[in-house]
Amino acid sequence: MEYTLLILLLPMLTFIGLGLFGMKLRPAVAGCIGTLSLAVTALLAYMTAGQYFLMPRVDGAYEKLLPYNFDWLHFTENLQISLGILLDPISVMMLVVISTVSLMVHIYSMGYMKGERGFQRYYAFLSLFTFSMLGLVVAPNIFQMYIFWELVGVSSYLLIGFYYTKPEAIAASKKAFIVTRFADLGFLLGILLLSFFTGTFDFEALTSGDTSVFSGAAGVTFMGASVMSWALALIFIGGAGKSAMFPLHIWLPDAMEGPTPVSALIHAATMVVAGVFLVARLFPLYIIAAPEVLVGIAYVGAFTSLYAAVVACMQTDIKRVLAFSTISQIGFMMVALGVSGMGGHEGTGYMASMFHLFTHAMFKALLFLCAGAIIHTIGSNEMSRMGGLRKYMPVTHITFLIACLAIAGIPPFSGFFSKDEILSATFSFSPVFGCFMSFVAGLTAFYMFRLYYGIFWGTPAKHEHTPHEAPKSMTIPLMILAIITVFAGFIPFGQFVSSDGQPYTIHLNLGVAIASVVIALIAIGIATYFYKSKCDIPERLLNMFPHFHRAAYHRFYIDEFYLFITKRIIFNCVSRPIAWFDRHVIDGTMNGIAYVTQRASVLIRGLQSGQVQQYAFVFLLGTLLIVLLVVLI
Amino acid sequence: MGYSNFLFLKEELSLIAVMVILLVYDIFGSKKSLNYFHPVACVLFLAHTLLNLFPSEASEAFGGMIINTPMGDIVKTILNVGTLIVLLQARNWLHSEAVLIRRGEFYFILFSTLLGMYFMISSGNFLMFFIGLEMASIPTAVLAAYDKYKHDTAEAGAKYILSAAFASGLSLYGISLIYGTTGTLYFADLPAHIDGSTLQIMAFAFFAVGLFFKISLVPFHLWTADVYQGAPTTVTAYLSVISKGAGAFVLMTILYKVFGNLIDEWRTICYALIVLTITVANLFAIRQQNLKRFLAYSSISQAGYILLGVISGNELGMTSLVYYILVYMISNLAIFGVIGIIEHRTGKITINDYNGLYKTNPRLSFVMMLALFSLAGIPPFAGFFSKFFIFAAAAQEGFYVLVLIACLNTIISLYYYLLVVKAMFINKNDTPIETVHSDAYTRISLVACTIGVIALGLISAIYEQLGTFSFGI
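Chains as they are written, first to last, in our numbering: chain C, 1 to 633; chain L, 634 to 1106.
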C-alpha cells in the first residue's frame, strides 16, 4: 500500500503550490486545483480503506501496517525519531472521515467563498490543514503526532483569522491558538514523561499490551499518583484543549468567526475530535496503566456535555449553538471512551465513541454547511433575523432537518445508532451515569429543534431581498452528506473498529433504545410546542429564572473568569514585576556590559599601530610569555 | 624505494599537472585562445577536485615522510572546493586592466600555495612540514602584493613576508630544539621521545607559534588586519579561509600525533589563546568601518572558535573542527563574493557605503545576510550547528568556563555582524550603491555558497560522515 504516501503528499504539494504561486492564478483555477487534488486524495483514502478492510484478518484482528517508516532524526541508539504512516482500523477510518468532509468543504467553498479576497490563500490553507490532519491520524509515533498536532493548530489559527481585517476574527484566532497551545504544553510534558520512562515514542510498542514497556515507571510516584497516571493525564489535557473539553472549551465558540466551511471542517468534524482520537490511540495504555485517568476523562466528558448543552439552549447565534452542540457531542465521545473496557462487550464504549465520531463528523459538517448556506443568503448569524426560511430554501431545509433528527437520535438516522451504543455503554458502567447522559441527549434534541424551528418556521423576518436557495456547488455537498447521514447508521461499524480488533456485532439494547427515542421525542415535542409557532411559555420561563438565563447566555462567565485570572492576577502580580526586572535589571546589566565592551575596544586600539617592527615585538613577547606560562606552571 | 611511492602523492601530482598545463598554456597560447584561460583553469581545477573527491585509505610513503589519512584527504577536498569558489570569484579582478597582463601567474602561484598546504597536511616529518609551510607562505606574499603598484597592496605584501619570515624563523628554532632533544624529526617516532622536559616544552612553544601565526591568533595576529585590508579582495578571501583552514587542521594533527604527551601544556596555551583571541578580536571588530578589516577581525575571532575543537583533543573535537572549517569557509566566501563584486564595480568598501544596499541589490544583500547569520551562529543556518558541535566537543572535556566565555563572545559577535545587516536593510541612504550586475562566475559561486549555508546544517549526513574519519588522542 505504498500509495498511501500520496495521501499526505498531494495536499502538501497543493499547499506549497497554491501558497507560492496561487496569487498568480485566477481564483476559480486555484479553487479547482485544490478541489481536484483533494478529490484524488479522497479517492486514494477510499482505496486504502477498501483494500485495508478487505485484507484477511490475522488472529481475528486487522493487522497494523507500516507502509512507511524511515529514520528521521537519529540521536542515539536509544533515541530515534521516525516519520511514517501507520494504518490500523481507526487511522483508516479517520482517513475516510477527513478526506470526505474536506472534499465536501472544498466543493462547497467554491460557491461560499466566491468573490472573497484571498480565495487562493484560503484554498492553500485548506490544503495545509488537510495535510496536517491526515498526518496526525496516520502518525506511527507520538512525536510525529505532536508535530502534526501543532501544524493542525497553526492551520486552524490561519483559517479562523482568515478575515484578517476583522478585529473579532483576529482576537478569536489568537484565543484559539493560545488556549490550545496552553493545553499542548500539557501534551508535551506528557510525551516527555511517557517517553522518558518507557524509552519509546512508538504507538506500536506503547499499546501492544506488553507491560514491560513501562516497567521503568513502576514505583515512581509523584504527589500520590503513579508517573504513568501523570503522563497520561497530561496527555489528556492536550487532547482536552484541542477537543474543547471544559474548562478549555472557551476558544471554540469564538472560532466561529472563521469562514463557515472552515467551521464545518475544522471545528466540527476533524480537528476537534483529535483529542478523542488521541485517547483512542492510546486507549490500551490508559486501560492498563491508568484506569483512574480514564474514569476522570469520563467525568470531564459528562460534565462538558451537560454544560455545553445547557449553554446551547440559550444562544441566539446559530453558529454558536452548533459550536456548543459540538462541544457537547465530543463530551459524549469522551464519556464513551472513559467508561469503556477492553475487549468484547466491555469494549462497547470504545467502538461507540469511534462510531459516534464518524457519524457526528458527517451530520455536524452537514449542519454547519447548512448554516453556511443560510448565513450566505441572510448575511447574519442571528436567529432573530431568520424564520420561515423553509419556503425559500427547500434543499437546505430538508438536509438540515435530517441532520437534526440524526443528532437528536431518531431512528433510522445515523446518530441514533451511535448514540444508542454510547448510552448502553454508560448504562452498563453505571445506571446513574446512563440516566444523566440520557438527559443530556434529551437536551440535545431540544436545543437542536429550537434552532430548527427558529430558522425555518415561525414568522419570517423582514429582509432587504428575498432569501434564495444556495447555488449548486453548495447544495450538492449538502445532499451527499445528508445521504451519508441517513445510511451511515447501517454500517456494521463494530466489524471494523473495536477495542481489541476482534469483530464485534452491534446489537441494539432495546430498553435503552426505546427510552432514548422516547426522551428525544418528548424533547422535540416540547421544542415544537415552544418554538414552532408563537408561544409565550419560553418567555415566561425566562422571566421565572432570570439569573440562570443570564448566566447561561453568558456561558456561565467562564471567559470572564479567565480574563480576571489573566488580566488582574497574572498581569498585575507576575508580569508587571517581571517586566520591571527585565527593563531595569536585565537591560541595565546588558547596557552596562555593552558600555564596558565599547570602552575596552577604545582603550586597546593603540595595539594596532600599523608598524611591522612593533608587530614583531609583540609577536616575540607573546611567544616568550607562552613559554613562561607553560614552563612555570 | 620504488616509484610506486609516488602513487600516494596522487593528489599532489594531479595538482602539479594542472599547474604545468596552465603554465604552458599561458606561455604558448595564442592571444585569442587566452580568452578561454579562466574557464579552462576552472574546469581543470574542478576535474582535479572531482578526481580526488573521496578520501583514500590511510597510507605511508617515502619512509614515513608522507602520511596520508582519510581525514587529511577530506580537508584537502574542502580546501579544493574553497579554492574553486575563490577562483570563480576572482574572474572580475583578474580581468581588470591593472592585473590582466600578469593574470597567468596568478593561477600558478595560487596553486603553489595550495600544494604547500597539501604537503603540510600530508607531512610525516618536521622537515617535510616546514617545506610545506614555506611553500604555502612565500607565494602567499606574492599574491598579497599582486597589485604591486597600489600602495596598500605593496605594503600588505611587505608586511606579510616580514611577519611570515619572523614566524618561520621562530618555528624553525623550535624544530631545531626538538631535533636536539629527541634526535628524530619523524612524527611517528617522536611521541616515544617526548617526556616533557623544559627544553622540549620550549621547543614545542616556539614551533607552535609558527602555526599560531598562520591561523592568526592573538597576539600573533597583528599582521592580519593590515594584510587583509591591503591585499586584493580575492586574495584576502583565500587567506582568510584556505590558509587558515589548513593551518588549523595541521595544528591539530600535530598536537594530537606528536605532542600527545604534552597535552596539559598545550591545553593551557590553547585555553589562554582562545580567551584572548576571541575577546580581543571581537573588541576590535566592533570598531571597524572598512569591511575587509572588519572581516579580518571576524576571522581572527572565528579562529579562536576553531581552536575550541583543538583543545578538546577527542574525536568529536576533530569532527567538529573540520566541520567548522567547512562551514566557516562557505559562509566567509559568500561574504567575500558579495563585497568583492561590489568593490570591483563601485570601489566602495566601508559599512556606511552599504547603507540601503537592500533597495538596490536585494539579492546580494540577502546572500550576505544569510552568510552573516551563519557566521554569527543563528539557527537554522550552518554556522549554528558548527558552533554547537564545537562547543559540545569542548564541553565534553569539561571546559565549561571556556565554553561560557566563548558563548558570551558570540553575543558580541552577533552585535557586530548585525551592524552590517542593519546597514544593508534598515539604515536609510540617499545615494545607495547602484545596482550591481554580477557575472556568471560570481553568481555560480554565490548560489553554491548560499546553498551550502543552508544545506550544510540541515543535512546531518555530512557531519556524521566526517565523524567516521576522525580520531582523537
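Even glycine gets a Cβ: it sits at the ideal position worked out from N, Cα and C.
(request) Would you kindly check if the distance between the Cβ of SER1019 of chain L and the Cβ of ILE933 of chain L is under 8 Å? (result) Locating residue 933 of chain L in the second sequence gives position 300, counting from the first residue. Locating residue 1019 of chain L in the second sequence gives position 386, counting from the first residue. Result no, Cβ atoms of ILE933 of chain L and SER1019 of chain L do not sit closer than 8 Å.
(request) Could you tell me whether any Cβ in chain C is nearer than 8 Å to the Cβ of ILE637 of chain L? (result) Locating residue 637 of chain L in the second sequence gives position 4, counting from the first residue. Residue 637 of chain L is actually Ser in this sequence, not Ile. Cβ-Cβ to chain C under 8 Å: no for SER637 of chain L.
(request) Answer with buried or exposed for GLN613 of chain C, where buried requires no fewer than 16 other C-beta atoms within 10 angstroms of its C-beta. (result) Counted from its first residue, the first sequence places residue 613 of chain C at position 613. When all chains shown are included, GLN613 of chain C counts as exposed.
(request) For PRO261 of chain C, collect the residues of the same chain with a Cβ closer than 8 Å to its Cβ; drop the 5 residues on either side in sequence, then sort them by chain order. (result) Here residue 261 of chain C refers to the residue found at position 261 of the first sequence. Once the five neighbours on either side are set aside, the close Cβ partners of PRO261 of chain C are VAL105, TYR108, SER109, TYR112, MET113, PHE368, LEU369, GLY372.
(message) Residues in the same chain with beta-carbon distance under 8 Å from VAL708 of chain L, minus the five sequence neighbours each way, listed in chain order, please.
(response) Locating residue 708 of chain L in the second sequence gives position 75, counting from the first residue. Excluding positions up to five away in sequence, the list reads ILE754, GLY878, ALA879, PHE882, VAL955, ILE958.
(request) Would you please verify whether the beta carbon of GLY792 of chain L is less than 8 Å from any beta carbon of chain C? (result) Start at 1 with the first residue of the second sequence, and residue 792 of chain L comes out as number 159. Just to set this straight, residue 792 of chain L is Lys in the shown sequence, not Gly. Contact with chain C is found for LYS792 of chain L, since one of that chain's Cβ atoms lies less than 8 Å from the residue's Cβ.
(message) Just to confirm my understanding: we take PHE417 of chain C, look at its own chain, exclude 5 residues before and 5 after, and list those with CB closer than 6 Å. What are they?
(response) Numbered from 1 along the first sequence, position 417 holds the residue referred to as residue 417 of chain C. Contacts found: GLY489.
(request) Give a yes or no on whether the minimum CB-CB distance between SER575 of chain C and chain L is below 8 Å. (result) For this step, residue 575 of chain C is matched to residue 575 along the first sequence. Among the residues facing chain L, SER575 of chain C is not included, as its CB has no counterpart in that chain under 8 Å away.
(message) Judging by CA-CA distance, which residue of C:ILE407, C:THR399, C:SER430, C:LEU322 is the nearest neighbour of SER340 of chain C?
(response) As a position in the first sequence, residue 340 of chain C is number 340, starting the count at 1. Checked all of C:ILE407, C:THR399, C:SER430, C:LEU322; the closest Cα to SER340 of chain C is C:SER430.
(message) Out of C:THR444, C:THR396, C:ARG26, which one is the CA nearest neighbour of HIS360 of chain C?
(response) Residue mapping note: residue 360 of chain C aligns to position 360 of the first sequence, counting from 1. Nearest neighbour of HIS360 of chain C by Cα position, chosen from C:THR444, C:THR396, C:ARG26, turns out to be C:THR444.
(message) If we require 4 or more residues per run, which alpha helix (DSSP H) segments fall completely within the region 959-984 of chain L?
(response) Here no run is fully enclosed.
(request) Determine the closest residue to LEU43 of chain C out of C:TYR595, C:THR270, C:LEU103, with distance taken between C-alpha atoms. (result) To locate residue 43 of chain C, count along the first sequence from 1; it is residue 43. Measuring from the Cα of LEU43 of chain C, the nearest candidate turns out to be C:LEU103.
(request) Could you work out which residues of chain L lie near TYR615 of chain C, taking near to mean beta carbons separated by less than 7 Å? (result) Position 615 of the first sequence, counted from the first residue, corresponds to residue 615 of chain C. For TYR615 of chain C, the chain L residues whose C-beta falls within less than 7 Å of its own C-beta are SER796, LEU855, TRP856, listed in chain order.
(message) Helix, strand or coil, according to DSSP, for ASN758 of chain L in the structure here?
(response) Working through the second sequence from its first residue, we reach residue 758 of chain L at position 125. Under the three-state reduction of DSSP, ASN758 of chain L is assigned to strand.
(request) Could you tell me which chain C residues have their CB closer than 8 Å to the CB of GLU730 of chain L, listed as they occur along the chain? (result) The residue given as residue 730 of chain L occupies position 97 in the second sequence. Listed along chain C is no residue with a C-beta nearer than 8 Å to that of GLU730 of chain L; the closest approach is about 29 Å.
(request) Determine the closest residue to VAL272 of chain C out of C:PHE201, C:ALA579, C:MET94, with distance taken between C-alpha atoms. (result) If you number the first sequence from 1, residue 272 of chain C lands on position 272. Among C:PHE201, C:ALA579, C:MET94, the Cα nearest to that of VAL272 of chain C belongs to C:MET94.
(request) Output the distance between the C-alpha atoms of SER666 of chain L and TYR658 of chain L, rounded to the nearest integer angstrom. (result) By 1-based counting over the second sequence, the position of residue 666 of chain L is 33. By 1-based counting over the second sequence, the position of residue 658 of chain L is 25. Distance between the alpha carbons of SER666 of chain L and TYR658 of chain L: 9 Å.
(request) Mind checking which residues open and close the alpha helix (DSSP H) that includes GLY622 of chain C? (result) Locating residue 622 of chain C in the first sequence gives position 622, where the first residue counts as 1. Element bounds for GLY622 of chain C: 612-632.
(request) Please check if any C-beta of chain L sits within less than 8 Å of the C-beta of GLN634 of chain C. (result) Missing from the structure shown is residue 634 of chain C; chain C here goes from 1 to 633 and no further.
(message) Which same chain residues end up closer than 7 Å to LYS981 of chain L when comparing Cβ atoms and leaving out the 5 residues on each side of it in sequence?
(response) Numbered from 1 along the second sequence, position 348 holds the residue referred to as residue 981 of chain L. Sequence-distant partners of LYS981 of chain L (beyond 5 residues in either direction) whose C-beta falls short of 7 Å from its own C-beta, in its chain, are ILE975, ILE1066.
(message) Give the list of continuous alpha helix (DSSP H) stretches no shorter than 4 residues that lie fully inside the region 210-288 of chain C.
(response) Listed in chain order, the complete alpha helix (DSSP H) runs (minimum 4 residues) inside the region 210-288 of chain C are 227-242, 251-254, 260-264, 274-281.
(message) Is ASP785 of chain L close to chain C? Criterion is C-beta to C-beta, closer than 8 Å.
(response) The residue given as residue 785 of chain L occupies position 152 in the second sequence. Chain C has no Cβ within less than 8 Å of the Cβ of ASP785 of chain L.
(message) Can you list, in chain order, the residues of its chain with a C-beta nearer than 7 Å to that of TYR930 of chain L? Leave out the 5 residues immediately preceding and following it.
(response) The residue labelled residue 930 of chain L in the question sits at position 297 within the second sequence. Excluding five sequence positions before and after TYR930 of chain L, the CB atoms of its chain that fall closer than 7 Å to its own CB belong to ALA858, ALA914, PHE917, ALA918, GLN921, given in chain order.
(request) Name, please, each residue of chain L whose Cβ falls closer than 9 Å to the Cβ of ARG555 of chain C. (result) Along the first sequence, one-based indexing puts residue 555 of chain C at 555. Chain order gives no chain L residues near ARG555 of chain C, where near means a beta carbon separation below 9 Å; the closest approach is about 42 Å.
(message) Can you pull the chain C neighbours of ARG920 of chain L, defined as C-beta to C-beta under 8 Å?
(response) Looking up residue 920 of chain L in the second sequence gives position 287. SER601, VAL602, ARG605, listed in chain order.
(request) Would you mind telling me which residues of chain L sit closer than 9 Å to ILE633 of chain C, beta carbon to beta carbon, in chain order? (result) The count along the first sequence starts at 1 and reaches residue 633 of chain C at position 633. Neighbours of ILE633 of chain C on chain L, chain order: ASP897, GLU898, THR901.
(request) Identify every residue that forms a DSSP beta bridge with ALA61 of chain C. (result) The count along the first sequence starts at 1 and reaches residue 61 of chain C at position 61. Per DSSP, C:VAL58.
(message) I'd like to know if the region 744-754 of chain L and the region 992-1007 of chain L are in contact, where contact means that at least 3 CB-CB pairs between them fall below 8 Å.
(response) Output reads no: the region 992-1007 of chain L does not touch the region 744-754 of chain L.
(message) Give me the chain C residues within the contact set of LEU916 of chain L, using Cβ-Cβ distance strictly less than 8 Å, ordered along the chain.
(response) The count along the second sequence starts at 1 and reaches residue 916 of chain L at position 283. Per Cβ cutoff of 8 Å: THR597, ALA600, SER601, ILE604.
(request) May I ask you to list the residues that DSSP assigns as paired with ALA694 of chain L? (result) The residue given as residue 694 of chain L occupies position 61 in the second sequence. L:ILE699, per the DSSP bridge assignment.
(message) For the pair the region 904-913 of chain L and the region 933-948 of chain L, tell me if three or more CB-CB distances fall below 8 Å.
(response) The answer is yes - the region 933-948 of chain L touches the region 904-913 of chain L, with three or more Cβ pairs under 8 Å.
(message) So if DSSP puts LEU805 of chain L in a beta bridge, which residue, or which two residues, is it bridged to?
(response) Numbered from its first residue, the second sequence carries residue 805 of chain L at position 172. Beta-bridge annotation (DSSP): LEU805 of chain L is not paired with any residue.
(message) Please list, in chain order, the residues of the region 827-860 of chain L that have any C-beta partner in chain C closer than 7 Å.
(response) So the list reads THR831, ILE834, MET835, ALA838, PHE839, VAL842, PRO852, PHE853, LEU855, TRP856, ALA858, ASP859, given in the order they occur along the chain.
(message) I'd like the span of the alpha helix (DSSP H) that includes LEU855 of chain L, first residue to last.
(response) As a position in the second sequence, residue 855 of chain L is number 222, starting the count at 1. Unbroken alpha helix (DSSP H) run through LEU855 of chain L: 855-863.
(message) DSSP three-state label for TRP580 of chain C, please.
(response) Taking the first sequence and counting its residues from 1, the one referred to as residue 580 of chain C is at position 580. Reduced to three states, the DSSP call for TRP580 of chain C is helix.
(request) For chain A, find out if any of its Cβ atoms is closer than 8 Å to the Cβ of THR623 of chain C; answer yes or no. (result) Protein chains C and L are contained in the structure displayed, whereas chain A is not.
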